[in-house]
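This report concerns only the one structure given below.
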Amino acid sequence: MTTTRTAPGAPAAGANGGITYREAMRAALREALAKDERVFLMGEDVGRYGGCFAVSLGLLEEFGPERIRDTPLSESAFVGAGIGAALAGMRPIVEIMTVNFSLLALDQILNNAATLSHMSGGQFGVPLVIRMTTGAGRQLAAQHSHSLEGWYTHIPGLRIVAPATLEDARGMLWTALADPDPVLIFEHGSLYTLSGELPPGAGAVDIDRAAVRRPGSDVSLITYGGTLHKTLEAAGRLASEGVEAEVLDLRSLRPLDDATIMDSVRRTHRAVVVDEAWRSGSLSAEISARVTEQVFYELDAPVARVCGVEIPIPYPRHLEEAAVPQPDDVVAAAHRVVSGDA
Amino acid sequence: MTTKKTVKTDPGGAAGEAARTAGGAARDAAAKERRSLLHEMLRIRRFEERCVELYSAAEIRGFMHLYIGEEAVAAGVMPELGPEDAVVTTYREHGHALARGIPAEAIMAEMFGRSTGCSRGRGGSMHLFDAATRFYGGNAIVAGGLPLAVGLALADRMRGADRVTACFLGDGAAAEGEFHECLNLAALWRLPVLFVCENNQYAMGTALAREHAETDLALRASSYGLVAWAVDGMDALAVSAAARRAAEAVRWGGGPHFLEMRTYRYRAHSMYDPDRYRTKAEIEEWRRHDPIDALAARLRADGDLGGDDLAAMDKEIAAEIDGAVKAARKAPLEPVADLTRFVYSERAVRP
Ligand SMILES: Cc1ncc(C[n+]2csc(CCOP(=O)(O)OP(=O)(O)O)c2C)c(N)n1
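In structure tokens form, the structure reads like this:
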């Protein structure tokens, strides 16, 4: 999707003093490369081409081919090489074009990055950052559009984050690099053109906590990444229809910030989880289970979920839109739990 | 031996000859080196023979893969690495770990799952790790260690360190995608990796010719633009000469090198393997080229090994292994309260 979205809480772009999500990511990369000599970026087409989503455009000229390193089409080798370099004390940032291709490196991510610390009795750590795009919305069909970050949240030893705002796009990378463990950053493909203002001092952000993006008292809409903006849109409409929805942006998908989630549900007594990924065996299932385990007696309605339809993402726009949560779906689900018709 | 292609003899193999004819101090030094090669091979073998007993007694559990027959490779390669070099290897790594200098006690304790083990008991036989000797495992995913080696070498390369990463792999690994990806990447970026392929003729029960269309692995490696050659992996002196030459070349910027060590395991793939896929005759044929017997005979012929020397070595080794076993039996287990430690760095404990 190439339509420009507006960052929550930020003035509409257009005034042109703004910055895009893509540019915020690039600023974060530039800062990390300048700040720490051990940092380098590696991946397919990150250099000459400028990154397949143009995130690293211009960095090759600035930092040279040693640090902006084009790799062959060898996901397993270059992700694993990132792990090896991290073991040796470097701070690699590995870019994988999309989450679908990360499956070719799953062995390295799961069997090496996530296990080496534990398996070595704490002798070795893997301070590696892996960035990849995820999600549907650009009519790229079934092999380029899935939201598989939930799978990765299953794996102990990894840390998973999903920047959904300009501030997080700008700030999460540095925090991730400072983390001694492997961090996977999932960037929803439809967010790159998001634009807005970024405070001049924007920098590293905490990646441990979820954030309330819009306060409300009637229902908690729990989401992250690409669906945050749709959910905010839904919350705006709900307000005009008399339902005050609180919108929670998870930000960190592993570990989950239980405290913030439960606080919100304690306030609103109702929860809707919005996730573009499939419902069965998903992150939304995990969140729903945790809410049930921890604040069951606070609930006035069963936890509801708005998830992707359980099909490979189709190509035509109308089917693709029907396959992933839309603001209408979120509005309807919120009304159901609030009215008790769930 | 039954390797079907001719093994190119390594020119460095002549070094042994030179040492034999040289006089005085150089000759003594060479003799000492060769005796220590013999000692290390014997040590690895005896260690593993003891492991078999301990396994039968159920003191060691899990998957255990023995190296018996292949000792010349670890014993020959490791002395050619410096303390700053790195080692990445597979689940068949007791020999590599011992030859690299991880104390036998720490290895044995690991096999027993004790907290004094080199991985605090969390790894076992297949996952020996040791930061002090830059020993990065112990990987039980076939070919899973190759990308790590490429990355370790990349870090050295980017920092201008003249260090070598030695990466051990089996012939089976040469059929995995990571083999191709990593040889290409290492050659493309001229990374300081020494690939040591232990071609023991089998991947579990699958003979070389049943899994590779081209069974000359050195030839295949060379097609990626690496310097590669095959070595008689049953000849410890040939292994050490080849490793010396290759490690030096890698260290001084000659790009990745690949040594195909043609060797054999006498024992089954693992303790669970009934070994039905090969004949006794074949095993006997390889045993006639036993690396320990061969080197001992050669040292004797050269007058560098006396009548009782081997027995004396054996005794010393037995004492070391006894000590390791006793210590392992007495060593504490990790407290269950520590179960979830080390999943994440302790600098950042998380729920
Ligand atoms: C990716 C993967 N596939 C399958 C296995 C099961 N497996 C364990 S060892 C082995 C054979 C490997 O043979 P080789 O690389 O020649 O090493 P060797 O055991 O002969 O030393 C197989 C198939 C595995 N551990 N990893």
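Top line first, the protein sequences correspond to chains A and B.
The first sequence begins at 1 in the UniProt record's numbering and counts up by one.
The second sequence begins at 1 in the UniProt record's numbering and counts up by one.
Beta carbons are placed, not taken as given, at the ideal position from N, Cα and C, and that holds for glycine.
These figures come from a predicted structure and were not determined experimentally.
Reference residue i, options the options, closest by Cα
i: L256(A); options: T268(A), A234(A), T231(A) and D208(A); result: D208(A)
i: I292(B); options: A149(B), V73(B), S56(B) and L54(B); result: V73(B)
i: T206(B); options: M78(B), H127(B) and A174(B); result: A174(B)
i: D76(B); options: M261(B), V88(B) and A221(B); result: Before going on, a small fix: residue 76(B) reads as Gly here, not Asp. When only C-alpha atoms are compared, the closest one is M261(B).
i: N100(A); options: L110(A), A81(A), L148(A) and V126(A); result: L148(A)
i: L37(B); options: M313(B), F342(B) and K330(B); result: M313(B)
i: P127(A); options: G80(A), D168(A), W151(A) and L103(A); result: G80(A)
i: R157(B); options: Y224(B), A238(B), A186(B) and F129(B); result: A186(B)
i: L154(B); options: A241(B), P256(B), I44(B) and M78(B); result: P256(B)
i: E298(A); options: S280(A), T268(A), P314(A) and D275(A); result: T268(A)
i: P192(B); options: D232(B), G254(B) and G82(B); result: G254(B)
i: S270(B); options: M64(B), A26(B) and G306(B); result: M64(B)
i: I261(A); options: G196(A), S284(A) and A234(A); result: S284(A)
i: C51(B); options: D290(B), L81(B) and R92(B); result: R92(B)
i: L81(B); options: G151(B), E53(B), A242(B) and D232(B); result: A242(B)
i: L104(A); options: S280(A), F78(A) and V243(A); result: F78(A)
i: R224(B); options: V239(B), M204(B) and N184(B); result: Before going further, note that residue 224(B) is Tyr rather than Arg in the sequence given. When each option's Cα is compared against that of Y224(B), the closest is N184(B).
i: E23(A); options: P312(A), W151(A), P72(A) and L57(A); result: L57(A)
i: G89(A); options: A296(B), L148(B), A140(B) and A294(B); result: L148(B)
i: A324(B); options: A238(B), L98(B) and P79(B); result: L98(B)
i: A203(B); options: P335(B), L169(B) and D338(B); result: L169(B)
i: R48(A); options: P312(A), T231(A), P65(A) and A32(A); result: P65(A)
i: A58(B); options: T340(B), E334(B), L339(B) and R329(B); result: R329(B)
i: A31(B); options: P335(B), G303(B) and L333(B); result: G303(B)
i: D290(B); options: R45(B), A26(B) and E33(B); result: R45(B)
i: R43(B); options: R27(B), D28(B), H96(B) and L188(B); result: H96(B)
i: D258(A); options: T292(A), R26(A), G281(A) and I313(A); result: T292(A)
i: R26(A); options: P156(A), E62(A) and L238(A); result: E62(A)
i: D70(A); options: F124(A), L41(A) and I19(A); result: L41(A)
Cβ separation of residue i and residue j, assumed to be a contact under 8 Å, to the nearest whole Å
i: L184(A); j: L158(A); result: 6 Å
i: R270(A); j: D218(A); result: 7 Å
i: T215(B); j: A221(B); result: Contact doesn't hold; Cβ gap of about 13 Å is too wide.
i: V164(B); j: L259(B); result: That belief does not hold up - the Cβ atoms of V164(B) and L259(B) are roughly 12 Å apart, past 8 Å.
i: S117(A); j: S345(B); result: 6 Å
i: L228(A); j: R214(A); result: Not quite, the Cβ-Cβ distance comes to about 10 Å (not below 8 Å), so this is no contact.
i: G236(A); j: S190(A); result: Rounded, the Cβ-Cβ distance is 18 Å, inconsistent with contact.
i: A162(A); j: L29(A); result: With 8 Å as the limit, A162(A) and L29(A) do not qualify as a contact, their Cβ atoms being about 17 Å apart.
i: A218(B); j: A236(B); result: Contact flag wrong, Cβ pair sits at about 19 Å.
i: Y21(A); j: A169(A); result: 5 Å
i: F129(B); j: G121(B); result: Actually they are not in contact, since the Cβ atoms of F129(B) and G121(B) sit about 12 Å apart, beyond 8 Å.
i: G181(B); j: S74(A); result: Note that residue 181(B) is Glu in the sequence shown, not Gly. With 8 Å as the limit, E181(B) and S74(A) qualify as a contact, their Cβ atoms being about 4 Å apart.
i: I222(A); j: V274(A); result: 7 Å
i: residue 356(B); j: V239(B); result: Outside the modelled stretch of chain B, which goes from 1 to 351, sits residue 356(B), for which no answer is possible.
Closer than 7 Å: residue i CB and nearest ligand 3 heavy atom
i: M119(A); result: Annotation note on ligand 3: not contained in the displayed structure, which lists ligand 1 as its ligands.
Neighbour list for residue i in chain D, Cβ cutoff strictly below 8 Å
i: D156(B); result: Among the chains of the structure shown, chain D does not appear; the protein chains present are A and B.
> What residues come near ligand 1, if near means a beta carbon less than 5 Å from any of its heavy atoms?
Replying inline: One residue after another in chain order, those with a Cβ under 5 Å from a heavy atom of ligand 1 are R92(B), I141(B), V142(B), G170(B), D171(B), G172(B), A173(B), N200(B), A203(B) and M204(B).
>> Measuring CB atoms only, is the region 164-183 of chain A touching the region 136-147 of chain A, in the sense that at least three cross pairs come out at less than 8 Å?
In response: By the Cβ rule, the region 164-183 of chain A does not count as touching the region 136-147 of chain A, because fewer than three pairs are nearer than 8 Å.
>> Assess contact between the region 232-251 of chain B and the region 273-285 of chain B, defined as three or more Cβ pairs (one per stretch) separated by less than 8 Å. Is contact present?
In response: Contact between the region 232-251 of chain B and the region 273-285 of chain B is absent, because fewer than three Cβ pairs lie under 8 Å.
>> I'd like the ranges of any beta strand (DSSP E) spanning at least 3 consecutive residues and lying wholly in the region 278-342 of chain B.
In response: List check, beta strand (DSSP E) in window: nothing returned.
>> Check whether the region 57-75 of chain B and the region 253-268 of chain B touch, using three or more Cβ-Cβ pairs below 8 Å as the test.
In response: Yes, they touch.
>> Quick check on the DSSP output: what are the complete alpha helix (DSSP H) runs of length 4 or more inside the region 16-103 of chain A, in order along the chain?
In response: Taken in chain order, the complete alpha helix (DSSP H) segments of 4 or more residues contained in the region 16-103 of chain A are 21-35, 59-63, 75-87 and 99-102.
> In chain order, which alpha helix (DSSP H) runs of at least 4 residues are fully inside the region 272-331 of chain A?
Replying inline: 283-295 and 317-323, all fully within the region 272-331 of chain A.
>> List, from N- to C-terminal side, the alpha helix (DSSP H) runs of 4 residues or more that fit wholly inside the region 70-96 of chain B.
In response: Complete alpha helix (DSSP H) runs here, min 4: 71-77.
>> Three or more C-beta pairs under 8 Å: does that hold for the region 148-167 of chain B against the region 81-91 of chain B?
In response: Per the Cβ contact rule, the region 148-167 of chain B is in contact with the region 81-91 of chain B (3 or more Cβ pairs under 8 Å).
>> Quick test of the definition: if touching needs 3 or more C-beta pairs under 8 Å, does the region 328-342 of chain A touch the region 303-312 of chain A?
In response: Under the three-pair Cβ rule at 8 Å, the region 328-342 of chain A counts as touching the region 303-312 of chain A.
>> For a minimum of 3 consecutive residues, which ranges assigned as the beta strand (DSSP E) are wholly contained in the region 172-216 of chain A?
In response: Runs of the beta strand (DSSP E) spanning 3 or more residues and lying entirely within the region 172-216 of chain A occur at 183-188 and 211-214, in chain order.
>> Does the region 106-121 of chain A come into contact with the region 327-347 of chain B, if we say contact requires no fewer than three beta-carbon pairs (one atom in each stretch) closer than 8 Å?
In response: When Cβ pairs closer than 8 Å are counted between the two stretches, the region 106-121 of chain A is seen to touch the region 327-347 of chain B, the count reaching three or more.
> Is the region 117-136 of chain B close to the region 97-109 of chain B, with three or more CB pairs under 8 Å?
Replying inline: In short, these stretches touch, since the Cβ pair count reaches three.
> Could you give the uninterrupted runs of the alpha helix (DSSP H) lying entirely in the region 163-200 of chain B, keeping only those of 4 residues or more?
Replying inline: Counting only runs of 4 or more, we get 177-188.
> Quick check: the region 85-104 of chain A against the region 307-322 of chain B, are there 3 or more CB pairs under 8 Å?
Replying inline: Judged by pairs of C-beta atoms under 8 Å, the region 85-104 of chain A does not touch the region 307-322 of chain B, as fewer than three such pairs exist.
>> To test your reading of the DSSP string, which unbroken alpha helix (DSSP H) runs of 4 or more residues are found completely within the region 200-261 of chain B?
In response: Counting only runs of 4 or more residues that sit fully inside the region 200-261 of chain B, the alpha helix (DSSP H) segments are 208-211, 217-222 and 236-251, in chain order.
> What alpha helix (DSSP H) runs, 4 residues minimum, are completely inside the region 92-134 of chain B?
Replying inline: Listed in chain order, they are 94-100 and 104-111.
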